[in-house]
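> Sequential numbering of the sequence shown, starting at 67, is according to this note's numbering. Could you have a look at this structure, given as structure tokens, before my questions?
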Amino acid sequence: MRYWRHRMNFYFNDVLLAPNGPLGTLTHFFYRVGYQHRGTHNVHCVLWTSDRPDEDFIDARLTARIPNETEEEELHKIVVQNQMHWKKHSKTCQRKVKIRGRFTTTRCRFGFPRPMLRRTFVFGNKNRRYSIPGVTRRTYFIARQASKVND
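Written out as structure tokens, the structure is:
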């Protein structure tokens, strides 16, 4: 526990809170340490930045692509095994939903598959009236194509 906390303090102080860090200048942060069933540590955090990231910032750092199996074999394996749905996906993902009170189906509670978009959108408070059907609570939407991970 002490070693893990030391690493987290280093990450927050020397990486995230550094001037011009990977997320820009952080003005405030809040985190809570959680423990999984076998005692595995994890951090849930909320970070406030001085400026909201724009679409170019997000596109430069986030991707929804499936890595090439021959060029990036290890990364491809990790993405396919951990970042995609499969027939017997975890119970925390799939929820039973009634449609018009009659038909029951399962739907991913995380909103996958996401809508295909040509470009990334970031909504500020002024632009909250815009939304994409099926995914209404997100403040951003990442550009996606059919060839990218969307499952």
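Quick reminder that beta carbons are idealized off the backbone N, C-alpha and C, glycines included.
Confirm, please, whether the CB-CB distance from V112 to M74 is below 8 Å.
As a working note, residue 74 is residue 8 in the sequence shown. As a working note, residue 112 is residue 46 in the sequence shown. Cβ distance not < 8 Å, so M74 and V112 don't count as in contact.
> Taking the beta carbon of R180 as the centre, do at least 16 other beta carbons fall within 10 Å, making it buried, or is it exposed?
To locate residue 180, count along the sequence shown from 1; it is residue 114. The residue is buried, with at least 16 neighbouring Cβ atoms inside 10 Å.
> Roughly how many angstroms lie between the CA atoms of F78 and W70, to the nearest whole one?
In the sequence shown, counting from the first residue as 1, residue 78 sits at position 12. In the sequence shown, counting from the first residue as 1, residue 70 sits at position 4. Approximately 12 Å, taken between the alpha carbons.
> Suppose only complete runs of 3+ residues qualify. What are the beta strand (DSSP E) ranges in the stretch 97-133, listed by chain order?
DSSP runs (the beta strand (DSSP E)) wholly in the stretch 97-133: 107-115.
> Quick check on this structure: which residue in P119, Q102, E137, V81 has the alpha carbon closest to the alpha carbon of T186?
The sequence position of residue 186 within the sequence shown is 120, counting from 1. For T186, the nearest C-alpha among the options comes from P119.
> Please go through the same chain and pick out, in chain order, the residues whose beta-carbon is closer than 7 Å to the beta-carbon of G100, but skip the five residues on each side of it.
Stepping through the sequence shown from its first residue, residue 100 is reached at position 34. Taken in chain order, the residues that qualify are N108, H110.
> Whose C-alpha, out of F123, G105, Q102, H103, is nearest the C-alpha of G87?
Translated into the one-based positions of the sequence shown, residue 87 becomes position 21. Answer by Cα proximity: F123.
> Once DSSP output is grouped into helix, strand and coil, what is the label at N193?
Here residue 193 refers to the residue found at position 127 when the sequence shown is read from its first residue. Caution applies to N193, whose pLDDT of 48 falls short of 50 and renders its modelled position unreliable; the value that the coordinates give is listed next. In the structure shown, N193 sits in a helix (DSSP, three-state: H, G or I).
> Check whether the Cβ of G87 sits closer than 7 Å to any heavy atom of the ligand ATP, and report yes or no.
In the structure shown, the ligand ATP is absent, as is every other ligand, since no ligand is present at all.
> Compare the C-alpha of L128 against each of D117, V146, G105, L89 and name the closest.
Counting from one through the sequence shown, the residue named residue 128 turns up at place 62. When only C-alpha atoms are compared, the closest one is L89.
> Does the distance from the C-beta atom of K164 to that of T158 stay below 8 Å?
Taking the sequence shown and counting its residues from 1, one reaches residue 164 at position 98. Taking the sequence shown and counting its residues from 1, one reaches residue 158 at position 92. In this structure, T158 does not lie closer than 8 Å to K164 by Cβ.
> Rounded to whole angstroms, what is the Cα-Cα separation between R166 and P85?
On the sequence shown, residue 166 is found 100 positions in, with the first residue counted as 1. On the sequence shown, residue 85 is found 19 positions in, with the first residue counted as 1. Approximately 52 Å, taken between the alpha carbons.
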